[in-house]
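Take a look at the structure set out below.
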Amino acid sequence: MGSSTLQLSLGLDAPPILLVRQVGTDGISAPVWKGNWQVRSFHGFHQGREGGVGQWTFYVSSFSAPARDGGGHCNVLKFGGGLERVPIDAKDRITILGRKYGRSRWTH
236 MGSSTLQLSL GLDAPPILLV RQVGTDGISA PVWKGNWQVR SFHGFHQGRE
286 GGVGQWTFYV SSFSAPARDG GGHCNVLKFG GGLERVPIDA KDRITILGRK
336 YGRSRWTH
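Here it is in structure tokens:
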């Protein structure tokens with residue numbers, strides 16, 4: 236098992252709190268709450284779902300210009316901060332760890 240760190244800011248004068256969550260052997264951490272959002276690490280990528288219900292979604296922050304085939308790249312939020320550039324195809328499917336995720340599995 237590894238661990239993931241999520242920094243939560245409580246606002247105003249409170250210092251941020253670091254939460255360390257164990258990542259299971261499947262690469263997925265236990266969910267934590269951040270406001271009304273439940274978040275987790277999925278193999279190092281940030282996933283969230285509002286109200287703790289529904290599908291887990293990745294967060295795409297930005298896109299490259301499309302290639303001739305309609306695909307390109309986008310930047311996906313990593314758990315604990317940072318971005319990773321991943322492919323996106325003409326059908327709006329992002330590829331993470333060799334698997335394609337359609338539009339219902341990511342948000343922008």
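Numbering-wise (this note's numbering), the sequence shown opens with residue 236 and increments by one. A virtual CB, placed ideally from N, CA and C, is assigned to each residue, including glycine.
Reference residue i, options the options, closest by Cα
i, options, result
"residue 271", "278, 280 and 288", "288"
"residue 292", "301, 304, 303 and 275", "275"
"residue 304", "286, 325, 284 and 321", "325"
"residue 273", "333, 328 and 284", "284"
For residue i, three-class secondary structure by DSSP
i, result
"residue 303", "coil"
"residue 320", "strand"
Sequence-distant residues of its chain with Cβ nearer than 7 Å to residue i (five each side left out)
i, result
"residue 279", "313 and 314"
8 Å CB neighbourhood of residue i in its chain, flanking five on each side removed
i, result
"residue 332", "278"
Checklist entry - Within the chosen definition, does the region 261-275 reach the region 299-310 through at least 3 CB pairs nearer than 8 Å? => result Contact between the region 261-275 and the region 299-310 is absent, because fewer than three Cβ pairs lie under 8 Å.
Item to check | Any 3 or more C-beta pairs closer than 8 Å across the region 281-296 and the region 309-324 | outcome: Judged by Cβ distances under 8 Å, the region 281-296 makes contact with the region 309-324, as three or more pairs qualify.
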